[in-house]
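Read top to bottom, the protein sequences are chains A and B.
Mapping of the first sequence onto numbering that gives the first Met the number 0: position 118 corresponds to residue 117, and the numbering continues sequentially without gaps.
Mapping of the second sequence onto numbering that gives the first Met the number 0: position 46 corresponds to residue 45, and the numbering continues sequentially without gaps.
Think of the CB as a built atom: it goes at the ideal place given N, C-alpha and C, for glycine as much as any other residue.
None of these values were measured; they are calculated from a predicted model.
Structure first, commentary second.
There are 2 protein chains.
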Amino acid sequence: MKWVNNMTHRVRRTMPLLPISIVMQLTELTARQIRYYEEHELISPARSEGNKRMFSLNDVDALLEIKDFLDQGINIAGIKKIYDLRAQPEIEKTAPQTITDAELRKILRDEILNSKSLDRGGIRQGDLSRFFK
Amino acid sequence: MKWVNNMTHRVRRTMPLLPISIVMQLTELTARQIRYYEEHELISPARSEGNKRMFSLNDVDALLEIKDFLDQGINIAGIKKIYDLRAQPEIEKTAPQTITDAELRKILRDEILNSKSLDRGGIRQGDLSRFFK
DNA sequence: TTTTTATGTCAGAAAACCTAACATAAATTT
DNA sequence: AAATTTATGTTAGGTTTTCTGACATAAAAA
């Protein structure tokens, strides 16, 4: 017999559920790093009544992505620009975007030039697999 | 384009993620109630290094079920017995279980006699729907 | 070489959580 | 009916966690 109260697969991705200590474990980032990324507006975790940061699963996803970008040599400004571009996908491929477009090319070019042939093959977010099934 | 870091649907149900404040919101139980149920071994939430309770999604499910049982008039002892019986499903329907079985019947009988015709129709855990999609 | 970036570390304060104790209404037992 | 038990409320004192802000620093960029 199955029971009714199974919320596991229904939790909203945007619900602020997790304290920073748990997010540190899930992402292997320090509190300092997480706060720094928020300071630079890469994430906007919710706050408890007492001003403690509360993170959603989407926030965790975002942090893992930020970590990945940084590991790839992209800097905070670059990540922010990528996010900005993601936010307006409808203007994409229409009129040229003056400076914005050029900036993106520069970012991408720099990324290629900076890649340092790290070649971290295959295993993406490998360590996290121990947390998942 | 989809991104790789989507942990949302892969979080282990048993991972201790949530502080008691969040569990209070999710279940609409007080901290006192949650701690009392733990004291009576209906749940066993994990602990942080500093001894703070950390709850898994399974724990939340369990608490919602406990709440439901209590609302139905079943007391803590009854819930515990139900859990015990659930833990040995293989003995079920075989040899008579002496006292255990009789105790269960008493519980069920008492539940029926105590039902007070509350008749809380249909809507199960209704309020929680606002938390889910 | 100077500046910027990303992160470490520390301090003091506030919030969240802990256990333990006492209080109590409602239900149960005697 | 009186005494006890159950499930929960409340309060107090102590510990853990998190906060902001400041200063420090290695590596990268200008």
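Asked: Boundaries of the alpha helix (DSSP H) in which N57 of chain A is found, first to last residue; Found: L56 to D70
Asked: Pair within 8 Å by beta-carbon distance, E40 of chain A and K66 of chain A; Found: no
Asked: Short Cβ contact (8 Å threshold) for L16 of chain A with I21 of chain B; Found: yes
Asked: Nearest-angstrom Cβ-Cβ length linking I19 of chain B and R52 of chain B, presumed shorter than 8 Å; Found: 5 Å
Asked: Sheet register partners of L41 of chain B (DSSP bridge); Found: The partner list for L41 of chain B (beta bridge, DSSP) is empty, contrary to what the question assumes.
Asked: Host alpha helix (DSSP H) of S20 of chain A (start-end); Found: I19 to T26
Asked: Inter-residue Cα distance where the pair is S55 of chain A and R12 of chain A; Found: 6 Å
Asked: Span of the alpha helix (DSSP H) around K79 of chain B; Found: I75 to A86
Asked: C-alpha gap between I81 of chain B and E38 of chain B, whole angstroms; Found: 17 Å
Asked: Coarse secondary structure for R46 of chain B, derived from DSSP in three states; Found: strand
Asked: Members of the region 46-58 of chain B that neighbour chain A once the beta carbon cut-off is set at 8 Å; Found: S47, M53, L56 and N57
Asked: Per DSSP, the bridge partner or partners of R52 of chain B; Found: B:R46
Asked: Cross-chain neighbours of I21 of chain B in chain A, by beta carbon under 7 Å; Found: L16
Asked: C-beta contact flag for A61 of chain B and I42 of chain B at 8 Å; Found: yes
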